[in-house]
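Report on the following structure.
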Amino acid sequence: MIAERGLRESLRKSVAAVVRGGRGLVSALVLLVVAVLVVGSLPAAAQDASQNFSERNIKKIQKMIELNEAGDLAGAKAILESINLAREKPYGRARILQFLGSFAVQEEQYEKALDYLARAIKENGLPPEEQMRTMFQVGQIQVMQEKYDDAIVTLEDWMKLASAPESVAKPTAQAYYTLAVTYYQAGRPKEALAPAEKAIEMSTEPQESWYRLLLALYLDAEKYEEGIKLLDAIIIKYPNKTYWTQLAAIYNQQDQMNKSLAVQQLAKYEGYITEEKDLTRMAQMFMVQGLPHRGAEIMKQGLADGTIKPSKMAYQTYSDTLLQSREWALALEPLEKAAELSDDGAMWVRHAQVHLQLGNWSDARESLNRAFQKGKIADEGQAHILFGIAAANDKQWDAALSSFRRAANYPGTADVATKWMAFVDREKFRFATPEEQAKMAADRAAKEAAAGGGEAAPADEKAGEKAGTTTQASAGASKDAKANADGKAAEGGDAKASATN
Numbered sequence: 033m034i035a036e037r038g039l040r041e042s043l044r045k046s047v048a049a050v051v052r053g054g055r056g057l058v059s060a061l062v063l064l065v066v067a068v069l070v071v072g073s074l075p076a077a078a079q080d081a082s083q084n085f086s087e088r089n090i091k092k093i094q095k096m097i098e099l100n101e102a103g104d105l106a107g108a109k110a111i112l113e114s115i116n117l118a119r120e121k122p123y124g125r126a127r128i129l130q131f132l133g134s135f136a137v138q139e140e141q142y143e144k145a146l147d148y149l150a151r152a153i154k155e156n157g158l159p160p161e162e163q164m165r166t167m168f169q170v171g172q173i174q175v176m177q178e179k180y181d182d183a184i185v186t187l188e189d190w191m192k193l194a195s196a197p198e199s200v201a202k203p204t205a206q207a208y209y210t211l212a213v214t215y216y217q218a219g220r221p222k223e224a225l226a227p228a229e230k231a232i233e234m235s236t237e238p239q240e241s242w243y244r245l246l247l248a249l250y251l252d253a254e255k256y257e258e259g260i261k262l263l264d265a266i267i268i269k270y271p272n273k274t275y276w277t278q279l280a281a282i283y284n285q286q287d288q289m290n291k292s293l294a295v296q297q298l299a300k301y302e303g304y305i306t307e308e309k310d311l312t313r314m315a316q317m318f319m320v321q322g323l324p325h326r327g328a329e330i331m332k333q334g335l336a337d338g339t340i341k342p343s344k345m346a347y348q349t350y351s352d353t354l355l356q357s358r359e360w361a362l363a364l365e366p367l368e369k370a371a372e373l374s375d376d377g378a379m380w381v382r383h384a385q386v387h388l389q390l391g392n393w394s395d396a397r398e399s400l401n402r403a404f405q406k407g408k409i410a411d412e413g414q415a416h417i418l419f420g421i422a423a424a425n426d427k428q429w430d431a432a433l434s435s436f437r438r439a440a441n442y443p444g445t446a447d448v449a450t451k452w453m454a455f456v457d458r459e460k461f462r463f464a465t466p467e468e469q470a471k472m473a474a475d476r477a478a479k480e481a482a483a484g485g486g487e488a489a490p491a492d493e494k495a496g497e498k499a500g501t502t503t504q505a506s507a508g509a510s511k512d513a514k515a516n517a518d519g520k521a522a523e524g525g526d527a528k529a530s531a532t533n
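Quick note: the sequence shown uses the working numbering, first residue 33, plus one each step.
Here it is, written out as structure tokens:
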């Protein structure tokens, strides 16, 4: 389905935006956490340096702190690298490694940072809160480095520890969102769903990117009902065209076209649907739903205010809505404009069909002449049939016969054309004056005699026979012609004419 393909493409773009946003967010968070570690840990280190570092390294730690506060990152880092970690207790080793990891992140040396921080965690010497914070930081850096599988292991371990009753750190909405993004980036969308839901559930004010990720995961898992409920909530918080369009597309994909149209109407009223393609699609959907007059209103307004550009397709769609609404006369103008903009004569044939429906025989012939002039008619035989019908109803017998003879040259219309020629012959005879009837009878008798080699019957005898046996009425011709040009014109198809004897 076209709607489903459009929905999938919309989701692909939406997820890509979430992923890009997730990367930027993780990068920012890494720097933020590093800043927190540096700012929060240095005072703590200064305060208890004399108690938690070896006597030999106390002065070095104090000097490192002074240099860092003065903005001399290189000097502070050099002092840390000169310290012999083997002389330190677990706390001292972990703290120094933590500092080195923080400095490495600031210098964008992420591989070094991961090594330092992993070693700091392994020492198990930091206070519980800092131990957990450092562990989460490792997971974030792994995400930023696109080491998604490693990040999942780290973050899941962090979640287990944080969920323990005795833990000083507790899982946060942000942590669940980071885990969800990581699962998605790792190509594991099913496992991303639960943490994405948890992030929304825990947050009092979820960010828009969180909603987008969860929506993409729902639709990827074909959980359309959940997706609809989520979109209802998103539209209230973050109303924009994308979400309205996605909601309408989901309803359409679920074969709930009435709800899809209701959403689109509301979005149009709110000013979110203004593009030509969206308005035209709405009009077409209204036709499918059996509400062509609604589609006609959209096309009329769009063409009037310029939101729908005048084109063959626009005028054709507008005329289709009017024809399906059985507004024959109103459909003539957009049909004519579509025909003028078309490269072939097909639209002029449709224009003629509507004139036939309205009984405008002369106008129908004029439209068909323009169709023949333009050419490239898919079914020329049928077009000649229509011309003959219009001419016959106008009692233009010779023009009708000429057109039916042309139609007889096409295999698809030969039988119908032959019946119409016989019908027109009888009608032409019936409407002729007695003198004309006598002449026609004589001519016919002469032709029959020449063909059969016999003697021609008296002209007045033949005329009497033909006049007495003619049973077709001109009203019948008009009725048949209108019937044959009826419903097919409304559907945009060719009228299938047939003659009855």
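For every residue, glycine included, the Cβ atom is placed at its ideal position computed from N, Cα and C.
Keep in mind the model is a prediction, meaning the values are calculated, not measured.
Exposure of E198 is indicated by the presence of fewer than 16 other C-beta atoms within 10 angstroms of its C-beta. Of T465, A474, E467 and Q414, the smallest CA-CA separation from W452 is found for Q414. Under the three-state reduction of DSSP output, T312 falls in the helix class.
For G259, the uninterrupted alpha helix (DSSP H) run begins and ends at Y256 to K269, by DSSP. In the three-state DSSP reduction, G444 falls in the coil class, being neither helix nor strand.
Note on the segment 372-449: whole alpha helix (DSSP H) runs with a minimum of 4 residues are 378-390, 393-406, 412-425 and 429-439, in chain order. With fewer than 16 other beta carbons inside 10 angstroms of its own, N290 counts as exposed.
The residue among E155, K154, G157 and Q130 with its C-alpha nearest the C-alpha of A145 is Q130.
With respect to A201, E229 sits apart: the two C-beta atoms are not nearer than 8 Å. The criterion of a C-beta distance shorter than 8 Å is satisfied by V386 and L367. Leaving aside the five residues that flank L193 on each side, the residues in its chain whose CB is nearer than 7 Å to its CB run, in chain order, M164 and S199. Taking every protein chain shown into account, the CB of K369 has 16 or more other CB atoms within 10 angstroms, so this residue is buried. Under the 10 Å beta carbon count, V448 is surrounded by 16 or more other beta carbons and is classified as buried.
For Y304, no alpha helix (DSSP H) encloses it, and the DSSP letter there is neither H nor E.
In this chain, the alpha helix (DSSP H) harbouring F135 covers P122 to Q138. Between W393 and A473, the alpha-carbon positions lie close to 29 Å from each other. Within its own chain, the residues whose Cβ lies closer than 8 Å to the Cβ of M317, once the five positions on either side in sequence are excluded, are N284, M289, S292, L293, Q296 and G327, listed in chain order. For K273, the closest C-alpha among the options N441, Y347, L298 and L433 is that of L298. Of the candidates Y442, A396 and F404, the residue whose Cα lies closest to the Cα of A424 is A396.
Our two residues, A224 and A265, have alpha carbons roughly 20 Å apart in a direct line.
In this structure, T339 and L311 form a Cβ contact; the two beta carbons are roughly 6 Å apart against a cut-off of 8 Å.
The C-beta distance from F135 to K95 rounds to 15 Å, too long to meet the 8 Å contact threshold.
Annotation for N272: no alpha helix (DSSP H) segment contains it, and DSSP assigns it neither H nor E. According to the DSSP assignment, P227 belongs to the alpha helix (DSSP H) that extends over P221 to M234.
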